[in-house]
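Colleague:
Protein chains: 2
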Amino acid sequence: MSFRYFILGLLTQQPMSGYDVKRFLESFAWLIGSPSFGSVYPTLHALLEDDLVTVDVVQNEGKPPRKIYSITQAGRHALQEWIGQPVDPDASLKAFLMRLILASNLSRAGLIAHLQQRRAQVAVYLDSLEQVVEAPAETTGLGQRLAFDYGMAAATTEIAWLDRTLERLS
Amino acid sequence: MSFRYFILGLLTQQPMSGYDVKRFLESFAWLIGSPSFGSVYPTLHALLEDDLVTVDVVQNEGKPPRKIYSITQAGRHALQEWIGQPVDPDASLKAFLMRLILASNLSRAGLIAHLQQRRAQVAVYLDSLEQVVEAPAETTGLGQRLAFDYGMAAATTEIAWLDRTLERLS
DNA sequence: TCACTCATGTAATTGGTTACATGATTAG
DNA sequence: CTAATCATGTAACCAATTACATGAGTGA
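This is the structure:
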């Protein structure tokens, strides 16, 4: 479900082929992962079926013809609507970043709201972690303690990054 | 890779019911996500089928009886073997943390190797990001730039955390 | 010569969620 | 008197991966 709209969102920046989409997504693989071809082609077909995109077949010497997909007005509308609906309070980092990339294409205010929302969520998590870590539970193994420690470090930097970014944007 | 081995690994710490497993996993939900009951119960059944765990049914006033699963010798062996095999070079953060939690239950040397491996991977990623960011490409949107910026911040703290942790462990 | 990039696609299978059913007990 | 917690489970569904097929061009 989420890659569907993410791919649709990429097409707001410029028309692309399935292959292009995959290459683009690859550059974010470390952050959000990248779907396989067996996923992106059918997704594009489904988008086409729903009239959210159009195809433009471009002939290509020797190689198979490239199929360039463009977003339609209906597609933009569907995307806008999807972005508008509220975010799941315990959405993953991946979901946050995907929305971040999409939100920036649409409205500055929406982008800022999204960052603020994320900040609140991470703060809540950081709080709960501090309680867990400070509690004198002796039932936790080394691995758990390391993972919690990692979580605190990650959450702390994320909040710092969010604050820095929010300041830069206003 | 999946939750199969992760759940099996939890049972090395102590015998647990499916409900316990889920609760435990919940505390790591922010970091690695938590599977639903519709996933953990069948996983436990499959583990039992393969003789990697045993059940112990404990009667429970009014409530349904608790089914306490314990890891078997074969289970420990399978887990050891699984952890022994090489890690995918572009494994996700989630995969890294899952292995981290498991590795700590087994051998100190393996844990350290795992952290070092991760450090090398993150360093490679950080390097590639710096090249992308420094390149004067004007084709990237605001969202992309923000995501890359986030990636750099996250990778930098992760490396710092890994170094700190490795030092503490030796 | 071998492997990789470009470029599309389909089919089988996996791994997981959602939504259900059951039912006593406790907290607001 | 309602909602949540405890506690198990199944079945329908869905997203995505894996593995395949096709085939020319390029670089080591």
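As they're listed, the protein sequences go chains X and D. Be aware that the first sequence starts at 4, since it is given in the numbering used here, and climbs by one per residue. Be aware that the second sequence starts at 4, since it is given in the numbering used here, and climbs by one per residue. Idealized CB from N, CA, C, for every residue including glycine. If you're wondering where the values come from, they're calculated on a predicted model, not measured in any experiment.
Residue 16/X versus chain D: which residues are under 8 Å apart at the beta carbon?
Modeller: 144
Colleague: Would you identify the three-state DSSP class for residue 57/D, choosing helix, strand or coil?
Modeller: Reduced to three states, the DSSP call for residue 57/D is strand.
Colleague: Whole angstroms are fine: how far does the CA of residue 112/D sit from the CA of residue 89/D?
Modeller: 15 Å
Colleague: My guess is that residue 71/X and residue 125/X are in contact by the Cβ rule of under 8 Å, so how many angstroms apart are they, rounded?
Modeller: Not quite, the Cβ-Cβ distance comes to about 39 Å (not below 8 Å), so this is no contact.
Colleague: Using alpha carbons as the reference points, say which of 147/D, 22/D, 17/D, 164/D lies closest to residue 35/X.
Modeller: 147/D
Colleague: What separation, rounded to the nearest whole angstrom, lies between the Cα atoms of residue 87/D and residue 37/D?
Modeller: 24 Å
Colleague: Looking at chain D, is there any beta carbon in it that lies within less than 8 Å of the beta carbon of residue 8/X?
Modeller: No - not a single Cβ of chain D is within 8 Å of the one on residue 8/X.
Colleague: Please work out which residues of its chain come closer than 8 Å, Cβ to Cβ, to residue 155/D, disregarding the five sequence neighbours upstream and downstream, and give them in chain order.
Modeller: 129, 132, 133, 136
Colleague: Report, in whole angstroms, the separation of the C-beta atoms of residue 253/D and residue 55/D, which I expect to be a contact under 8 Å.
Modeller: Beyond the ends of chain D as shown, which are 4 and 173, falls residue 253/D; an answer cannot be given.
Colleague: What's the C-alpha gap between residue 168/D and residue 127/X?
Modeller: 25 Å
Colleague: Compare the C-beta of residue 147/D against all C-beta atoms of chain X and say whether one is closer than 8 Å.
Modeller: Yes, residue 147/D counts as interfacial toward chain X.
Colleague: Does the distance from the CB of residue 82/X to the CB of residue 15/X come in under 8 Å?
Modeller: In this structure, residue 15/X lies closer than 8 Å to residue 82/X by Cβ.
Colleague: If you check the beta carbons only, do residue 47/D and residue 12/D fall under 8 Å apart?
Modeller: No, the Cβ-Cβ distance between residue 47/D and residue 12/D is not below 8 Å.
Colleague: Short check: CB of residue 101/D to CB of residue 40/D, under 8 Å?
Modeller: no
Colleague: When the cut-off is 8 Å and only beta carbons count, does residue 87/D lie next to chain X?
Modeller: Answer no: the Cβ-Cβ gap between residue 87/D and chain X never drops below 8 Å.
Colleague: Would you say residue 168/X faces chain D, with C-beta separation under 8 Å as the test?
Modeller: yes
Colleague: Relative to the C-alpha of residue 52/D, which candidate in 18/D, 19/D, 7/D has its C-alpha closest?
Modeller: Ranking the options by Cα distance to residue 52/D, first place goes to 7/D.
Colleague: With DSSP collapsed to three states, give me the class of residue 73/D.
Modeller: strand
Colleague: Would you decide whether residue 172/D is buried or exposed? Buried here means 16 or more other CB atoms lie within 10 Å of its CB.
Modeller: exposed
Colleague: For residue 155/D, list the residues DSSP reports as bridge partners.
Modeller: For residue 155/D, no pairing in a beta bridge is given by DSSP.
Colleague: At the level of alpha carbons, what is the spacing between residue 122/D and residue 165/D?
Modeller: 7 Å
Colleague: Any beta carbon of chain D sitting closer than 8 Å to that of residue 107/X?
Modeller: The beta carbon of residue 107/X sits closer than 8 Å to some beta carbon of chain D.
Colleague: Do residue 73/X and residue 57/X have their C-beta atoms closer together than 8 Å?
Modeller: Yes, the pair counts as a contact, with Cβ atoms nearer than the cut-off.
Colleague: Let's see if you can read the secondary structure: which residues bound the alpha helix (DSSP H) around residue 25/X?
Modeller: 21-29
Colleague: Nearest by alpha-carbon distance to residue 69/D: which of 120/D, 107/D, 44/D is it?
Modeller: With respect to the C-alpha of residue 69/D, the residue from 120/D, 107/D, 44/D having the closest C-alpha is 44/D.
Colleague: Just confirm the distance between the C-beta atoms of residue 144/D and residue 110/X, as a whole number of angstroms; I'd bet it's less than 8 Å.
Modeller: No, residue 144/D and residue 110/X are not in contact; Cβ-Cβ is about 13 Å, not under 8 Å.
Colleague: Please go through the same chain and pick out, in chain order, the residues whose beta-carbon is closer than 8 Å to the beta-carbon of residue 50/D, but skip the five residues on each side of it.
Modeller: 7, 10, 11, 56, 72, 78
Colleague: Going along the chain, which residues of the segment 23-34 of chain X sit with their C-beta nearer than 8 Å to a C-beta in chain D?
Modeller: 30, 31, 32, 33, 34
Colleague: Quick check on DSSP: helix, strand or coil for residue 66/D?
Modeller: coil
Colleague: Please list, in chain order, the chain X residues whose beta carbon lies closer than 7 Å to that of residue 78/D.
Modeller: For residue 78/D, there are no C-beta contacts with chain X under 7 Å, since the nearest C-beta of that chain is about 17 Å from it.
Colleague: What do you get for residue 61/X, buried or exposed, if any count of 16 or more other CB atoms within 10 angstroms of its CB means buried?
Modeller: exposed
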